[in-house]
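Sequential numbering from 1 applies to the sequence shown in the UniProt record's numbering.
Even glycine gets a Cβ: it sits at the ideal position worked out from N, Cα and C.
Below: the structure, in structure tokens.
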Amino acid sequence: MAQLTLDNIERDEALALLGNGDAHLRLLREALGVKVVARGETISLHGTEEQVDLARKIFDQMRSRYKRTRHLSVDDLRFYLSSAVYAEGASGSNRKPAAREIVGPMRRLWARTAGQSQFIEAMREHDLTFCIGPAGTGKSFLAVAAALEALHQGQIKRIILARPAVEAGEKLGFLPGDMEAKVHPYLRPLLDALRDMLDFHQVRSYLDNEVVEVVPLAFMRGRTLNESFVILDEAQNSTIPQMKMFLTRLGNESKAVVTGDVTQVDLPMGTTNGLSDAVHRLGTLDGVALVRMDKGDIVRHPLVQAIVNAYELTEGDSEGSESPGPEPQGQ
Numbered sequence: 001m002a003q004l005t006l007d008n009i010e011r012d013e014a015l016a017l018l019g020n021g022d023a024h025l026r027l028l029r030e031a032l033g034v035k036v037v038a039r040g041e042t043i044s045l046h047g048t049e050e051q052v053d054l055a056r057k058i059f060d061q062m063r064s065r066y067k068r069t070r071h072l073s074v075d076d077l078r079f080y081l082s083s084a085v086y087a088e089g090a091s092g093s094n095r096k097p098a099a100r101e102i103v104g105p106m107r108r109l110w111a112r113t114a115g116q117s118q119f120i121e122a123m124r125e126h127d128l129t130f131c132i133g134p135a136g137t138g139k140s141f142l143a144v145a146a147a148l149e150a151l152h153q154g155q156i157k158r159i160i161l162a163r164p165a166v167e168a169g170e171k172l173g174f175l176p177g178d179m180e181a182k183v184h185p186y187l188r189p190l191l192d193a194l195r196d197m198l199d200f201h202q203v204r205s206y207l208d209n210e211v212v213e214v215v216p217l218a219f220m221r222g223r224t225l226n227e228s229f230v231i232l233d234e235a236q237n238s239t240i241p242q243m244k245m246f247l248t249r250l251g252n253e254s255k256a257v258v259t260g261d262v263t264q265v266d267l268p269m270g271t272t273n274g275l276s277d278a279v280h281r282l283g284t285l286d287g288v289a290l291v292r293m294d295k296g297d298i299v300r301h302p303l304v305q306a307i308v309n310a311y312e313l314t315e316g317d318s319e320g321s322e323s324p325g326p327e328p329q330g331q
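Rendered as structure tokens:
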């Protein structure tokens with residue numbers, strides 16, 4: 001067993017490091033298996049040499065952040081934990097440190113987990129990026145933010161946001177209204193992401209001038225998209241022909257980002273989804289990046305992560321029942 005003592009910690013700093021009701025200490029213990037004991041101006045770490053060394057690195061980051069900002073949050077600690085664990089797994093590789101920041105026209109955003117950082121870096125460095133992960137990991141939000149950053153920096157001239165227009169077993173023909181009214185509910189999450197980063201008038205201006213288009217996937221057939229940032233959201237609900245159609249829309253100086261959750265497929269039973277198929281076919285090609293997020297990257301309400309955990313634990317109980325969709329092939 002190894003032991004390390006951090007000393008000369010002032011009272012306010014100690015309170016920030018421990019977290020409200022010692023929440024930070026509990027998270028560290030659960031994540032690393034290290035024993036953390038706080039007494040006065042000292043914090044002692046007990047565990048294996050590897051556990052203690054990793055905990056020390058995280059405390060160093062937390063203390064550095066506190067000295068800069070006089071603030072520490074659970075989100076900060078989660079980011080340091082996931083980054084440290086990822087870095088340990090990738091030690092010895094030539095991979096550059098992941099980016100953490102996106103600068104848009106009106107907002108500056110920071111990744112909260114290592115998975116989000118990998119996603120940001122992948123979108124910047126590759127012409128085609130696939131991101132697979134559960135709900136709440138920020139896939140759609142970060143993709144839209146990266147597109148707005150590229151537009152703001154003059155790298156592209158327009159943004160196209162697309163989604164399959166049939167989900168959860170609903171057929172458009174049975175919905176009321178004209179085609180625009182029928183597809184609007186399916187595209188609303190992408191509009192929400194835009195409105196989170198731009199004011200109302202800027203969103204309206206971009207949409208009216210077709211700088212930003214929000215369209216059903218089927219409406220992209222026959223187009224060639226030059227100098228564009230093209231996002232396909234909820235891609236697990238695309239078919240193989242639809243995915244091929246989407247990917248072959250890319251023109252000169254364009255990027256494509258494809259996001260989805262392969263555990264939430266709404267296609268008919270026995271239909272292989274286009275996302276899993278594309279990752280299997282294209283995941284190792286030059287210029288293509290694949291980022292997999294997991295429950296550790298969930299940044300919504302803490303209950304969302306508990307819900308994901310609960311469903312994972314009970315998956316075995318549903319054997320023989322209707323499958324949510326095919327698993328990724330060849331992965």
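With 16 or more other CB atoms across the displayed protein chains lying within 10 angstroms of its CB, S117 is buried. Look at S276 here: in three-state DSSP terms it is helix.
The criterion of a C-beta distance shorter than 7 Å is satisfied by I160 and S228. Contact annotation: V279 and C131 have beta-carbon atoms that are not nearer than 7 Å.
In the pairwise beta carbon analysis, the segment 223-239 is classified as touching the segment 145-164: at least three pairs are separated by under 8 Å. Around the beta carbon of H24, 16 or more other beta carbons sit within 10 angstroms, so the residue counts as buried. In this structure, the straight-line span from the alpha carbon of A218 to that of L207 is close to 19 Å. Going by beta carbons, L191 and V214 fall inside the 7 Å limit.
Taking a C-beta distance under 7 Å as the contact criterion, R249 and L282 do not qualify as a contact pair. Counting only residues of its own chain and dropping the five nearest sequence neighbours on each side, L28 has a CB closer than 8 Å to the CB of V34, V36, A55, I58, L77, L81. With respect to the C-alpha of M123, the residue from V144, P134, R112 having the closest C-alpha is V144. Relative to L267, the option among P216, I240, K295, M62 whose CA is nearest is I240.
Cβ atoms of L275 and V257 stay farther apart than 8 Å, at about 12 Å. E234 is positioned such that its CB atom lies no closer than 7 Å to that of R188. Cα atoms of G133 and G40: separation of roughly 42 Å, rounded to the nearest angstrom.
Leaving aside the five residues that flank A16 on each side, the residues in its chain whose CB is nearer than 6 Å to its CB run, in chain order, Y66, L72. One alpha carbon belongs to I156, the other to S254, and they sit about 7 Å apart.
Closest in alpha carbon position to H126, among T284, M269, T272, E312, is T284.
Around the beta-carbon of L313, fewer than 16 other beta-carbon atoms lie within 10 Å, marking it exposed. Residue burial is scored here from C-beta neighbours: S64 has fewer than 16 other C-beta atoms within 10 angstroms and is therefore classed as exposed. When rounded, the separation of the alpha-carbon atoms in P216 and N237 is 12 Å. Among the bridge pairs identified by DSSP, K57 is matched with none. Ranked by how close their Cα comes to the Cα of G21, the residues T5, L6, A38 have A38 in first place. Relative to the Cα of E10, the nearest Cα in the group G19, T42, Q61 belongs to T42. Taking 7 Å as the cut-off, the beta carbon of L45 is found closer than this to the beta carbon of L4.
Around the Cβ of N252, a 10 Å sphere holds fewer than 16 other Cβ atoms; the residue is exposed. For K35, the enclosing beta strand (DSSP E) covers residues 35-39. DSSP lists G47 as the bridge partner or partners of A2. Bounds of the beta strand (DSSP E) holding P216 are 212-216. Residue burial is scored here from C-beta neighbours: T113 has at least 16 other C-beta atoms within 10 angstroms and is therefore classed as buried. Going by DSSP, S228 is part of the beta strand (DSSP E) stretching over 228-232. Cβ atoms of T129 and A289 come within 8 Å of each other, at about 5 Å.
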